[in-house]
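Here is the structure we will look at.
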Amino acid sequence: VDLYQTISDVDVWSTQYERMQETKRKLLETNRNLRTQIKQRLGECLEELDYHELRRLEDEMENTFKLIRERKIKSLGNQIETTKKKNKSQQDIQKNLIHELELRAEDPHYGLVDNGGDYDSVLGYQIEGSRAYALRFHQNHHHHYPNHALHAPSASDIITFHLLE
47 VDLYQTISDV DVWSTQYERM QETKRKLLET NRNLRTQIKQ RLGECLEELD YHELRRLEDE
107 MENTFKLIRE RKIKSLGNQI ETTKKKNKSQ QDIQKNLIHE LELRAEDPHY GLVDNGGDYD
167 SVLGYQIEGS RAYALRFHQN HHHHYPNHAL HAPSASDIIT FHLLE
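Just so you know, the sequence shown maps onto residues 47 to 211 in the numbering used here.
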């Protein structure tokens, strides 16, 4: 290319250089205009604007504020809806837990009731003038213990009550 350029006396790079200079000039102009617009929106450099340009700037700012306000309202609405859903979920969980507790209170497997069951496992012990009764609850459901034949009574199976005489 350099040899061709010297023999033909044609500058190959000059057109490319001119295009690059024009692009640079346009970019600098765009940058200057954007800086001026930013300053005007911050309240600076307003003295060079006429009445119509000031009205246009005011309308642009009002539209921008309106758009920001709408986005903020939408965001807050989404947060409120999310909070309502979480609150509803928590209320459902609480309702289910209360219902489960009420069912446990009514179920004889969770309390002491006289249901005509086996009382041979009640042992009385003399302790300093009072009687202590140890009650072992019989497991009716062995699905919790896959090896229920190997299941020995644990501390949670025996409840001790002291009775005063």
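Glycine included, every Cβ here is placed at the ideal spot set by N, Cα and C.
Contact defined as beta carbons within less than 8 Å: I believe residue i pairs with residue j. What is the distance between those atoms, to the nearest angstrom?
i, j, result
"Gln-86", "Leu-103", "6 Å"
What does a CB cutoff of less than 7 Å around residue i pick up in its chain, not counting 5 residues either side in sequence?
i, result
"Thr-82", "Cys-91"
"Thr-110", "none"
"Ile-139", "none"
"Leu-73", "none"
Going along the chain, which residues of its own chain have a beta-carbon closer than 8 Å to the beta-carbon of residue i, five neighbours each way excluded?
i, result
"Gln-62", "none"
"Asp-48", "none"
Is there a C-beta anywhere in chain D that falls below 9 Å from the one on residue i?
i, result
"Gln-62", "The structure shown has no chain D; it contains just one protein chain."
By a C-beta neighbour count over all protein chains shown, 10 Å radius and 16 as the cutoff for buried, is residue i buried or exposed?
i, result
"Asp-166", "Low confidence applies to Asp-166: its pLDDT is 49, below 50, so where it sits in the model is not reliable enough to give any reading."
"Met-66", "exposed"
Between residue i and the rest of its own chain, which residues show a CB-CB distance below 6 Å, the 5 nearest in sequence each way excluded?
i, result
"Ser-40", "Any question about residue 40 goes unanswered here, given that the chain covers just 47 to 211."
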